[in-house]
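Worksheet: the structure to be examined is printed underneath.
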Amino acid sequence: GQQLNQSPQSMFIQEGEDVSMNCTSSSIFNTWLWYKQDPGEGPVLLIALYKAGELTSNGRLTAQFGITRKDSFLNISASIPSDVGIYFCAGPSYSGAGSYQLTFGKGTKLSVIP
Amino acid sequence: AAGVIQSPRHLIKEKRETATLKCYPIPRHDTVYWYQQGPGQDPQFLISFYEKMQSDKGSIPDRFSAQQFSDYHSELNMSSLELGDSALYFCASSLGGSPLHFGNGTRLTVT
């Protein structure tokens, strides 16, 4: 099946620093999604990317869909303590039956030191 | 805005028992998904329903079954529970091909 390679696995940063994480795949995806998960909670959608080369921002978050459609990065600027959590990239595989399977990366665990 | 509602939030069962997890999707969403997330793992797709019909199947054990009802809520039934079934179980919903919106999950502990 499809696999997403996400890096880094974990990051420790100082509050106020910028953060960058990325995701690569051996397969082409038509959509890239970035989710954040807090402990014991469900993943929350941060940004959805639909076009190769697309650069999209959501507040302090910026994500880009790679030109080859095999990679994406997520940047967080001026990190704050509430940015702590696990960030997942995800790509859909459509079954043609009205739904799709999401393949997730292994996640990047972000810790912010006040 | 209404979100995906799951119940119960926590469930403790013994080995070989049965569990039923419930999911209420976002209103007007036509597709429901179930995912399993083990400790320190990424979510793994189990099964999905589109307009109340099963549409896709992932790594769902034969001991598990699911259905979507006429009011669009869905239930995941798990029988002959094993220790390895302990995990977070998420339901998600979407409208058409839109991104999935996840509930807050049910934490199942099998003892």
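Chain order of the listed sequences is B and W.
Going by this note's numbering, 60 is the number at position 78 of the first sequence; the sequence numbering is gapless.
Start counting at 1 in the second sequence, then tack on 79, and there's your number in this note's numbering.
Glycine included, each C-beta is placed from N, C-alpha and C at the ideal position.
- With a threshold of 8 Å between beta carbons, residue 34 of chain B makes no contact with chain W.
- By the rule that beta-carbons nearer than 8 Å mark a contact, residue 81 of chain B touches chain W.
- Chain-order list of chain B residues neighbouring residue 134 of chain W: 77, 79, 80, 81, by C-beta distance under 7 Å.
- Taking 8 Å as the threshold, the shortest C-beta distance from residue 41 of chain B to chain W does not fall below it.
- Residue 146 of chain W: member of the beta strand (DSSP E) spanning 143 to 147, first to last residue.
- Looking at the DSSP output, residue 136 of chain W shares a beta bridge with W:126.
- Contact annotation: residue 89 of chain W and residue 172 of chain W have beta-carbon atoms that are not nearer than 8 Å.
- Membership of residue 91 of chain W in the beta strand (DSSP E) is indicated by the continuous run 89 to 92.
- Counting other Cβ atoms within 10 Å of its Cβ, residue 93 of chain B stays below 16 and is therefore classed as exposed.
- The continuous stretches of beta strand (DSSP E) do not include residue 183 of chain W, and DSSP gives it neither H nor E.
- Contact between residue 148 of chain W and residue 84 of chain B does not hold, since the beta-carbon distance rounds to 23 Å and is not under 8 Å.
- By the C-beta criterion, the stretch 65 to 75 of chain B is judged to be in contact with the stretch -6 to 7 of chain B, since at least 3 inter-stretch pairs fall below 8 Å.
- The beta-carbon of residue 23 of chain B is placed less than 8 Å from the nearest beta-carbon of chain W.
- Counting along the chain, the unbroken beta strand (DSSP E) around residue 40 of chain B starts and ends at 37 to 40.
- Straight across, the Cα-Cα distance linking residue -16 of chain B with residue 10 of chain B is about 9 Å.
- The continuous beta strand (DSSP E) containing residue 94 of chain B extends over residues 90 to 95.
- For residue 74 of chain B, the secondary structure class from DSSP, reduced to helix, strand or coil, is strand.
- Taking C-beta separations shorter than 8 Å and ignoring five residues to either side along the sequence, the partners of residue 18 of chain B in its chain run 25, 26, 28, 67, 68, 69, 70, following chain order.
- When B:88, B:34, B:60, B:52 are compared, the shortest CA-CA separation from residue 42 of chain B is found for B:60.
- Beyond the five residues adjoining it in sequence on each side, residue 37 of chain B comes within less than 6 Å, by CB distance, of 46 in the same chain, given in chain order.
- Distance from the CA atom of residue 55 of chain B to the CA atom of residue 117 of chain W, rounded to whole angstroms, is 25 Å.
- Counting C-beta atoms within 10 angstroms of its own C-beta, residue 115 of chain W has 16 or more neighbours from the protein chains shown and is therefore classed as buried.
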